[in-house]
Each structure stands twice: as structure tokens, then as C-alpha cells.
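Structure, as C-alpha cells:
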Amino acid sequence: MPAFSLVTWDFELNNELKMNVLNLLEEVLRDPDLLPQERKATANILSFAHKLRRACTVSVVGQDGGGGEGLEEHEALSQDDQDDIHLKLEDIIQMMSNLVASQIMNYADISSRANAIEKWVAVADICRCLHNYNGVLEITAALNRSAIYRLKKTWAKVSKQ
Numbered sequence: 001m002p003a004f005s006l007v008t009w010d011f012e013l014n015n016e017l018k019m020n021v022l023n024l025l026e027e028v029l030r031d032p033d034l035l036p037q038e039r040k041a042t043a044n045i046l047s048f049a050h051k052l053r054r055a056c057t058v059s060v061v062g063q064d065g066g067g068g069e070g071l072e073e074h075e076a077l078s079q080d081d082q083d084d085i086h087l088k089l090e091d092i093i094q095m096m097s098n099l100v101a102s103q104i105m106n107y108a109d110i111s112s113r114a115n116a117i118e119k120w121v122a123v124a125d126i127c128r129c130l131h132n133y134n135g136v137l138e139i140t141a142a143l144n145r146s147a148i149y150r151l152k153k154t155w156a157k158v159s160k161q
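Each residue of the sequence shown is one higher than the last, beginning at 1 in UniProt numbering.
In C-alpha cells:
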């Protein structure tokens, strides 16, 4: 099993989760108020997800014993694509954490920030229900960042449920 398969196990096995995450990222990209670094982080994550999907398809085709078919597709991946696939789990967590934190900090008023935190907590809960513990970890890492954690007035407005 390739090393990246362990990282993407939940994502690749659950089509509903995969589509929801990709749709959320595409929706975030359409946000006109997105900062350039947020847009870049989101685009990088989407690009990585699409490359990962191609690589996983290649690894599955290559394992079927069907001859050279898998090999031809594997050779179609450029060296850059192969290097991108081998990103460390920490890099992926950091990119998602940056995206979540910047989405929360994007709002100037306290109630909007509280709503954003509640939204991300709900997304983390959905990830937990879908057994996507990597997603839960990514969102939790963002919420525990000092820039978010120190927002005492904002956290006071967040629902305790």
C-alpha cells in the first residue's frame, strides 16, 4: 500500500465525504472576499485532491494484474505530481488549519466570528460522524491556534452545545 493511501483512506473510501469536501473548497474559492493567501491555500488543496484522485486511480489500476495498463498510466504522472502526492500529513493539516483560521479571522465583528467558529465546529462534527479523523484534527488544530484561541469575547458568544 503506498504511503499516501494511509493519509487519504477516509477521503478515498467515502465518496460522499470526498464530494462534500471538494464542493466546500470550490465554494470557498468562489468567495469574492477571499484573501490572496486563502485563495492560494484553497487552490493548492483542491489541486492536491485532484492529483491524489488520479494517483489513487493509477495505483488501483496497477494492482489489478491487468498487464501494462497501470504502468502506462503511472508513467503519465509527472515527477512534480508524484512529489506532490508524497506531501506529509503535517503539511496537509497545516494548509487546512491555515484555511480554517483565516476564514474565522476574516470577519471583523465578534458575532460573525462566532458564527464562523460554530460552522467549523459543525464541519468537524460531520467529519467525526463520517470517521474522518484527519478532518477533525485539521479543524481542531485551527481552533487551538493562539490567534483563534485568544478571542475570548468571540468564544463567549459561541454556543456551548
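Just so it is clear, CB atoms sit at the ideal spot from N, CA and C, and this is done for glycine as well. Keep in mind it's a predicted model, so treat the numbers as computed, not measured.
Taking 9 Å as the cut-off, the Cβ atoms of Gln-94 and Ala-141 count as close. Counting the other Cβ atoms within 10 Å of the Cβ of Glu-26 gives fewer than 16, which makes it exposed.
Spatial neighbours of Ile-110 in its own chain (CB-CB distance under 7 Å, excluding positions within 5 residues in sequence) are listed in chain order as Lys-153, Thr-154, Lys-157.
Ala-114 and Lys-18 have their alpha carbons spaced roughly 27 Å apart.
Shown here for Trp-120: same chain residues with a beta carbon closer than 8 Å to its own, the five before and five after excluded, namely Val-100, Gln-103, Ile-104, Ile-139, Ala-142, Leu-143 in chain order. Buried is the label assigned to Glu-38, since at least 16 other Cβ atoms lie within 10 Å of its Cβ. Rounded to whole angstroms, the Cβ separation of Ala-41 and Leu-29 is 10 Å, and the two are not in contact under 8 Å.
Annotation for Lys-157: the continuous alpha helix (DSSP H) segment containing it runs 152-157. Boundaries of the alpha helix (DSSP H) harbouring Asp-125: 110-129, taken from the DSSP string. Counting along the chain, no alpha helix (DSSP H) covers Asn-132, and no H or E run does either.
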